[in-house]
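Notes follow once the structure below has been shown.
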Amino acid sequence: MKQYFILSEKRSLFSYAASMLSIGILSACTLIPGNEPDDRHASAVENDHLGDSYTKVQYLDQGWNSAESLWFYYTTQGSNLMPYDFFLALEKPGQTQLFRSDENMNFYRYLPQKASSINPDALPVGWVKDKYKGKEYIGLTCAACHTGQINYNGVGIRIDGGPASADMENIMIDLAKALKHTREDAEAKQRFVKNVLAKGNYKSEADVLADLSKYEQRIYSYTYINASQTSYGYARLDAFGRIYNRVLEHTINARELREILSDRKIMDDKVMTKEQIDEILATFDNVITGEQRDHLMERLSKYLTFEQIALLNNEIFNRPDAPVSYPFLWDIAQHDYVQWNGIADNAGLGPIGRNTGEVIGVFGTLDWKEEKGTSLTSILFQGSGNTRVKFDSSVDVQNLHRIESHLKKLNSPVWPQEILGKINEEQAAKGKLLFDEYCAACHARIDRDDPNRRVVAHMTKVSAIGTDPKMAENSFKYQGYSGILRNQYVGLEVGNILLDKEAPVAALLTQATKNVVATPDPDKWFFQSWIDWAANLVTAYAENEIKSSIKNGNYDPDTTVNPLASLNAYKGRPLNGIWATAPYLHNGSVPSLYDLLLPKKREGDPEDGEYRPDQFEVGSREFDPVKVGLKSSGYKSFTFDTSFPGNSNAGHEYASGKTAQPNGVTLRPLNKDEKLDVLEYLKTL
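The sequence shown begins at 1 in the working numbering and counts up by one.
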């Protein structure tokens, strides 16, 4: 997701790919949607665990037909969570109900679907069969986190590109529990082995059980590494924190492991002897191979005590404790900078790098390894030396380019008055004038249907906007061991920085994704992989009309003293379709647009005032067209508590007269009628 592909790096990649053109081996790649009928195969849900029900699903006109929606739902990107047959056969702990059942996947708020030609096993939106090196895996697509739905009067309104309500944190925890139960319970294990063998991809029970143990430990390790003191709940994820940790797990090398395991300041009284360390590291090659590097902590857990694993975990990784709402995707291809804090430059090859980071986060296989010798790629991107790092991976760069191109056609949803009720035009007209005064300085208007539209993100430094700072701070403060990337150079806005023994994880991710993009697909025939690689880079660069530009707004600029200072800010974007994207603020701490127009209650405020709720329920998709948000009370689900770290609901209090405008002027508080006028206007965007 994060990417700093600055101009020099973009040009070097582009020039390399263009040289392939000059020798006549570049071929074009074209997206051809399937020929599905005008039916997106959505399943209905009746009275689920939160009381939600819908008997039909209504799609809005967002520029995609049914085939194009389905293509987005089920186009692979290189995500390899676990063997595909395992996911189909796995049962819930202590039950015979399949884990992948519609009822259970809806529990985690993944949208159930009927079987279709593009989705024969009736997987929920965003879950797909992926293939890598001859094996089939269950993986996630962009749609798993970026397809939304709201329900009203029995109608499910599907929002393509909208924020998901998914609870990825707990589904991973529960997957690990289900695998553990299957391994330990004799009857469950017998059923599981029988059903997996029936698929024909495993030859023996021993092979099935070996992988069962492997993936149980692998997913458990993932959840342990990414444990957070602040629970995410529905509709949120600290994607950056988890991507950062996956990079750190795959860049650390044997020398750094030896130093950490023998350092008393790190390992406390759990420090290991030289003989013990030698025994552990003897299981790895002198230069850790890609297979050994993949899910390193899972392998080390076989040799270390729980206390030692905890100490090692704390030293290598950072806590992903700043969950944010899933961003909505319309207009993303037209933005200059994307993500909540504008961390990703959208120019040139930036979108491919950003999406490569996303696949790293959702279980792309990373076969990164050091080797003796050099290659053209290592000379261009890793510098001189006697060794090179190969960045083979399952990341499907070709499909990432296709997905980004596909998003250019996606438009924001328009308020469906026939379902949600008529907009009061008189109120909306009054609200427009207030919007111009209070909101337009940061949230520009655009024509959602204009194919030539551009979106300039308005950045506001955290201290000025007053919203929770944790996500922004983590993005530039987190450090990690450089490992296999050590002594390489990364280009940032203010110049190149050397990756020393420890470096900002943002810079490590930049270098890693750049190298992954620069590596042809190892899963294809050699000649074909280079043809596709060159085609992907040249077409992606040539088709992207976004050029490098400075960020707009009030933020601290990057300097040689603090080269990542500009990341300590949050982005204001156009609000077209904002009505369909609850909850609000970057961390999802405000349940409705009406609540967003209220102030946060502070010490000394009158008790009879109207304030943003400090606690509310999350998980229901039932829509409140009056407050413009999702149902947040009257049921028991995940309780969002704004007192937890990263969960503050303060800031962005322009309508309440508590946050100054970009020009430094604090406007008067709006009264209730005026707030309702603004709310009515926001429905029209």
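Where is the CB? At the ideal position from N, CA and C, for every residue including glycine. Fair warning: this is a prediction, and the values are worked out from it, not measured in the lab.
Inter-residue spacing [alpha-carbon to alpha-carbon] between residue i and residue j
i, j, result
"Ala-143", "Val-389", "32 angstroms"
"Lys-571", "Leu-98", "41 angstroms"
"Asp-160", "Phe-306", "43 angstroms"
"Ala-67", "Arg-40", "7 angstroms"
"Asn-452", "Lys-627", "33 angstroms"
"Leu-237", "Ser-228", "11 angstroms"
"Pro-37", "Ile-578", "Confidence is the limiting factor: at Pro-37 the pLDDT is only 37, short of 50, which leaves the residue's position unreliable and the question unanswerable from this model."
"Arg-258", "Leu-410", "50 angstroms"
"Asn-195", "Leu-70", "28 angstroms"
"Val-505", "Tyr-244", "6 angstroms"
"Tyr-108", "Lys-92", "13 angstroms"
"Asp-523", "Glu-256", "30 angstroms"
"Ala-188", "Phe-623", "40 angstroms"
"Pro-669", "Tyr-584", "20 angstroms"
"Ile-225", "Lys-129", "26 angstroms"
"Ile-266", "Pro-124", "43 angstroms"
"Ser-637", "Arg-319", "25 angstroms"
"Gly-51", "Val-45", "10 angstroms"
"Arg-612", "Gln-334", "33 angstroms"
"Phe-87", "Tyr-220", "16 angstroms"
"Asn-487", "Leu-499", "5 angstroms"
"Phe-615", "Tyr-489", "Inspection of the sequence shows that residue 615 is occupied by Gln rather than by Phe. Distance between the alpha carbons of Gln-615 and Tyr-489 is about 46 angstroms."
"Val-561", "Asn-568", "14 angstroms"
"Val-324", "Ala-198", "41 angstroms"
"Thr-642", "Leu-598", "15 angstroms"
Residue i (DSSP reduced to helix, strand or coil)
i, result
"Pro-745", "Examination of residue 745 is not possible in this model, given that the chain is present from 1 through 685 alone."
"Asp-211", "helix"
"Thr-642", "coil"
"Trp-415", "coil"
"Asn-487", "coil"
"Gln-427", "helix"
"Gln-479", "strand"
"Leu-281", "helix"
"Lys-133", "coil"
"Leu-410", "coil"
"Glu-622", "strand"
"Glu-674", "helix"
"Val-455", "strand"
"Leu-667", "coil"
"Asp-345", "strand"
"Asn-496", "strand"
"His-295", "coil"
"Tyr-611", "coil"
"Val-155", "strand"
"Leu-596", "helix"
"Leu-111", "coil"
"Leu-679", "helix"
Residue i - partner residues in DSSP beta bridges
i, result
"Thr-147", "Asp-160"
"Phe-616", "Phe-640"
"Met-82", "Ile-138"
"Trp-368", "Phe-391"
"Arg-236", "Ser-325"
"Phe-87", "Phe-87 is not bridged to any residue."
"Trp-127", "Leu-140"
"Val-45", "Tyr-54"
"Val-590", "Tyr-584"
"Ser-116", "Asn-119"
"Leu-630", "Phe-623"
"Tyr-337", "Asp-345"
Enclosing alpha helix (DSSP H) for residue i [first to last residue]
i, result
"Gly-353", "350 to 361"
"Trp-71", "66 to 73"
"Lys-56", "Lys-56 -> not in any alpha helix (DSSP H); beta strand (DSSP E) instead, spanning 56 to 59."
"Asn-195", "186 to 198"
"Asn-104", "102 to 107"
The beta strand (DSSP E) enclosing residue i, as first and last residue numbers
i, result
"Thr-460", "458 to 461"
"Asp-39", "Run containing Asp-39: none; DSSP gives neither H nor E here."
"Asn-552", "552 to 554"
"Tyr-570", "569 to 572"
Residue i at chain B interface by Cβ criterion, 8 angstroms
i, result
"Lys-524", "Structure shown: chain B not included; a single protein chain is present."
Task: Cβ pair count under 8 angstroms reaching 3, the stretch 393 to 400 against the stretch 75 to 82 - done: A contact exists between the stretch 393 to 400 and the stretch 75 to 82.
Open item on the list: Below 8 angstroms, how does it come out for the stretch 426 to 438 and the stretch 674 to 682: are there three or more Cβ pairs, yes or no?
Closed with: yes
Open item on the list: Across the stretch 583 to 598 and the stretch 167 to 186, are there enough close Cβ pairs to call them in contact, namely three or more that are closer than 8 angstroms?
Closed with: no
- [ ] Flag this pair as touching only if the stretch 349 to 360 and the stretch 473 to 486 have three or more C-beta atom pairs under 8 angstroms; answer yes or no.
- [x] They do not touch, by the three-pair rule.
Open item on the list: Assess contact between the stretch 463 to 478 and the stretch 192 to 210, defined as three or more Cβ pairs (one per stretch) separated by less than 8 angstroms. Is contact present?
Closed with: no
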